[in-house]
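Input: a single structure, listed below in structure tokens.
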Amino acid sequence: MGVHAGVVFAFFYAPIGILIIFSFSGDRIVGQWGGFTLDWYREFWNNDQLTNSITVSLQVALIATVASVVLGTLSALALERFRFRGRRVFDALLYLPIIIPDVTMGIMMLVFFAEGIDVVDSLLGISLAKGITTITLSHIAFCISFVSVVVRARLSGMDSRLEEAAMDLYATRWQTFRYVTLPQILPGVAGGGLLALTLSLDDVVISQFTSGPGATTLPVYVFSLIRKGVTPMINSVSVVMFLASLVLIAAMLGVDRLRSTGSNVPSAVPRGDLSAEPAVGGHERGDT
Amino acid sequence: MTATPAVEIRGITKRFDDVVAVDAIDMQIANGEFFAMLGPSGCGKTTTLRMIAGLEFPTEGSLKIFGDEVGTLPPHKRPVNTVFQSYALFPHMNVLDNVAFGLRMNGVDRTTARRRASEMIALVRLSGMENRRPAQMSGGQQQRVALARALVNEPKVLLLDEPLGALDLKLRQDMQLELKELQRRLGISFVFVTHDQEEALTMSDRIAVMNDGRLLQVGTPEEIYERPANRFVADFIGTTNLLDGTVVDGSTVCLANGTRVAARSEHPAGTMVAVCLRPERARVVTAGDGTESGIGGVIDTVTYVGNARVYTVRLDWMQLRVREENRPGAAPRESGDPVSVTWDMNAVTVVTE
Chain A
1 MGVHAGVVFA FFYAPIGILI IFSFSGDRIV GQWGGFTLDW YREFWNNDQL TNSITVSLQV
61 ALIATVASVV LGTLSALALE RFRFRGRRVF DALLYLPIII PDVTMGIMML VFFAEGIDVV
121 DSLLGISLAK GITTITLSHI AFCISFVSVV VRARLSGMDS RLEEAAMDLY ATRWQTFRYV
181 TLPQILPGVA GGGLLALTLS LDDVVISQFT SGPGATTLPV YVFSLIRKGV TPMINSVSVV
241 MFLASLVLIA AMLGVDRLRS TGSNVPSAVP RGDLSAEPAV GGHERGDT
Chain B
1 MTATPAVEIR GITKRFDDVV AVDAIDMQIA NGEFFAMLGP SGCGKTTTLR MIAGLEFPTE
61 GSLKIFGDEV GTLPPHKRPV NTVFQSYALF PHMNVLDNVA FGLRMNGVDR TTARRRASEM
121 IALVRLSGME NRRPAQMSGG QQQRVALARA LVNEPKVLLL DEPLGALDLK LRQDMQLELK
181 ELQRRLGISF VFVTHDQEEA LTMSDRIAVM NDGRLLQVGT PEEIYERPAN RFVADFIGTT
241 NLLDGTVVDG STVCLANGTR VAARSEHPAG TMVAVCLRPE RARVVTAGDG TESGIGGVID
301 TVTYVGNARV YTVRLDWMQL RVREENRPGA APRESGDPVS VTWDMNAVTV VTE
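So the sequences go chain by chain: A and B.
Count the first sequence with our numbering and you get residues 1 to 288, in order.
Count the second sequence with our numbering and you get residues 1 to 353, in order.
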């Protein structure tokens, strides 16, 4: 078993290890060791286009995550808790962005922003230039579906009588959501958010179609670098992206832990250390 | 009672799409009353309870709580609280927060809410468990947290949806007494939904028997048991023998096989009825020496149940159950004995469909 696992791990992690090692290589040719150097990281840091694309990526990802978490959670609530006309159609349409290929989605967005942009502009009285806004909008569009699916799974596992109990105990609809529903589905919401963040940061295809001259996301920029000819700077960029992913994974594990703890009760009751209490068993039965 | 009823239901109907869950029922629940809604599952009792709570809105009719029309008020605007089936405690909160929830939502300040919650927790004898999560408690304890969570708000009416259904028999019997005692002490109405007729009989001041969305009879346990309004109620409450027949006159019914038996009724001659004979009201006498009206049959099985013997008596067209108390000197009968089943005229009720 040990050997088996070792082989699998090597298969997974050898490329990453090699990538990290060669990001410190002093040779201009990718994959040829030329002594230890931090030059590539320095070049990466000083490349304005590159750092700019990171800023764009983060900006897009954060806004897309927040917006898609809100909209995705709302749509999950609507589908799971209410019966309304057109519910099944809405349900089916919500899955579309998950199913249709990225390229199709990208082209759709491209055509939409090219053709529909004037209409939208005149309707809303804004000026949508191709760039960060269009990328963000298209990311929100596909992230909603993923968030909605994750939140719905959590919602359907939740006992809806808890919400009825809250309403029976004088909570308004909003208070019911705030103090009962949200704490119950929080792991789903957080999980959906992290998924949205990852998908947005990862996306090349759709961003490629919707980015403009002013704004490029990191993956799109890296992709264009490769076409120009690869320098080991790519390695250092990749290492940084890899480390960022590690942080995200750690965050996900943290969310996982949220499942069993965390309460948002409006009464700030000092909570005793539960682990310090005697184990619960059937012995309390006798006191009825 | 001329005082305003705690709950007054007039012509309430609830339809879910094409299904009529509750069909034009009228009901009055007095203040301070322990009122049970009894019926098989799907009879509309829970839907009725949910309409009083505000979790469902009636399709038609009027629903008043202490004289105020509440028909379509949302649940948080009604002076009632509910103990839910399987309790619906908030799993992410500890006991104290669960109990204080209603007070906090009602705008009671933190300190007061905590103090009153603790008092209520003490009242249901769970002191010291304030910091437990519901998942760390036994069913009986969760039940009492649910009670405390509802009662701490001082509702004018407490609604209970099969509150004892999830408990084992022994605990259920203890809780029955405890609930009854609690209700007497608080002096508010408890409206209680159950499918367990024994539970309804032992706990309630009055019982409403429902079936298929219709209200069949409302009365004290004694009225329901002694004078069932129709065949369904007679059959559902306790065990009973139902002998089909036709009314001959005010004191005689002709049974399916042609035997005429004494049974008082006010139905016109020719009405199809059933004579409702409780096993403990019937007597078996040795065949042939009967002076009263009796039906001949043969003892089929004898079941010894400690304080009594239960005989099944095979008649030509049906079987009867007869329960005979164990008294010293009584000669037990055996399977195969020819007997005659008799009863006092006042011991039977005549019911229609």
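We put the beta carbon where it would ideally sit given N, CA and C, even for glycine.
{"Check": "In angstroms, rounded to a whole number, what distance separates the CA positions of residue 184 of chain B and residue 54 of chain B?", "Outcome": "25 Å"}
{"Check": "Between the region 3-22 of chain B and the region 56-65 of chain B, do three or more beta carbon pairs fall short of 8 Å?", "Outcome": "yes"}
{"Check": "Where does residue 133 of chain B sit, in a helix, a strand or coil, going by DSSP?", "Outcome": "coil"}
{"Check": "Pull out every residue of the region 65-94 of chain B whose Cβ sits closer than 9 Å to any Cβ of chain A, in chain order.", "Outcome": "74, 75, 76, 77, 78, 80, 81, 82, 84, 85, 86, 87, 88, 89, 90, 91, 92, 93 and 94"}
{"Check": "Is there contact here, the region 227-241 of chain A with the region 8-24 of chain A, by at least three beta-carbon pairs under 8 Å?", "Outcome": "yes"}
{"Check": "Of the residues B:212, B:219 and B:186, which one's Cα is nearest the Cα of residue 200 of chain B?", "Outcome": "B:219"}
{"Check": "Just checking: is the beta-carbon of residue 355 of chain B within a distance shorter than 8 Å of some beta-carbon in chain A?", "Outcome": "Past the edges of chain B, shown from 1 to 353, lies residue 355 of chain B, and the structure says nothing about it."}
{"Check": "Is it buried or exposed, residue 146 of chain B, if we count other Cβ atoms within 10 angstroms and call 16 or more buried?", "Outcome": "buried"}
{"Check": "Below 8 Å, can you find three or more Cβ-Cβ pairs linking the region 193-205 of chain A to the region 54-67 of chain A?", "Outcome": "yes"}
{"Check": "Can you check whether the C-beta of residue 167 of chain A is within less than 8 Å of a C-beta belonging to chain B?", "Outcome": "yes"}
{"Check": "Ends of the alpha helix (DSSP H) at residue 121 of chain A?", "Outcome": "117-124"}
{"Check": "Within a Cβ cutoff of 6 Å, which residues of the same chain sit near residue 2 of chain A, ignoring the five residues on either side of it in sequence?", "Outcome": "none"}
{"Check": "Helix or strand or just coil, what does DSSP make of residue 335 of chain B?", "Outcome": "coil"}
{"Check": "Looking at residue 216 of chain B and residue 230 of chain B, is the spacing between their C-beta atoms short of 8 Å?", "Outcome": "yes"}
{"Check": "Applying the 10 Å Cβ sphere with the 16-neighbour rule, what's the burial state of residue 12 of chain A?", "Outcome": "exposed"}
{"Check": "Per DSSP, residue 243 of chain B is paired with what?", "Outcome": "B:275"}
{"Check": "Where does residue 4 of chain B sit, in a helix, a strand or coil, going by DSSP?", "Outcome": "coil"}
{"Check": "Name, going along the chain, the residues of the region 97-108 of chain B whose beta-carbon falls closer than 8 Å to a beta-carbon of chain A.", "Outcome": "97, 100, 101, 102, 104, 105 and 106"}
{"Check": "For residue 181 of chain A and chain B, any beta-carbon pair shorter than 8 Å?", "Outcome": "no"}
{"Check": "Between the region 104-120 of chain B and the region 184-196 of chain B, can you find at least three pairs of beta-carbon atoms closer than 8 Å?", "Outcome": "no"}
{"Check": "Are the C-beta of residue 408 of chain B and some C-beta of chain A separated by less than 8 Å?", "Outcome": "Look at the range of chain B in this structure, 1 to 353, and you will see that residue 408 of chain B is not part of it."}
{"Check": "Alpha carbon to alpha carbon, what distance is there between residue 13 of chain B and residue 236 of chain B?", "Outcome": "23 Å"}
{"Check": "When you compare each of B:315, B:264 and B:68 to residue 256 of chain B by their alpha carbons, which one comes out closest?", "Outcome": "B:315"}
{"Check": "Counting only beta-carbon atoms, is residue 164 of chain A nearer than 8 Å to chain B?", "Outcome": "yes"}
{"Check": "What does residue 13 of chain A touch in chain B if you count any residue whose Cβ is under 8 Å from its own?", "Outcome": "The premise fails here: residue 13 of chain A is roughly 38 Å from chain B at the closest Cβ pair, so nothing lies under 8 Å."}
{"Check": "Return the CA-CA distance between residue 172 of chain A and residue 186 of chain A, expressed in angstroms with no decimal places.", "Outcome": "19 Å"}
{"Check": "Could you check where the beta strand (DSSP E) with residue 211 of chain B kicks off and where it finishes?", "Outcome": "206-211"}
{"Check": "Of the choices B:17, B:15, B:34 and B:18, whose alpha-carbon is the least far from that of residue 6 of chain B?", "Outcome": "B:34"}
{"Check": "Should residue 84 of chain B be labelled buried (16 or more other beta-carbon atoms within 10 Å of its own) or exposed?", "Outcome": "buried"}
{"Check": "May I ask you to report which of helix, strand or coil DSSP gives residue 227 of chain A?", "Outcome": "helix"}
{"Check": "Less than 8 Å between the beta carbons of residue 91 of chain B and residue 134 of chain B, yes or no?", "Outcome": "yes"}
{"Check": "Alpha carbon to alpha carbon, how far is residue 71 of chain B from residue 50 of chain B? Give it in angstroms, no decimals.", "Outcome": "11 Å"}
{"Check": "To which residues of the same chain is residue 234 of chain B closer than 6 Å at the C-beta, ignoring the five residues directly before and after it?", "Outcome": "228, 240, 276 and 351"}
{"Check": "Among the candidates A:98, A:118, A:145 and A:252, whose CA atom is the shortest distance from the CA of residue 70 of chain A?", "Outcome": "A:145"}
{"Check": "What does the Cβ neighbour count give for residue 249 of chain B, buried or exposed, with the cut at 16 atoms within 10 Å?", "Outcome": "exposed"}
{"Check": "Quick one: give me the first and last residue of the alpha helix (DSSP H) that residue 138 of chain A is part of.", "Outcome": "132-156"}
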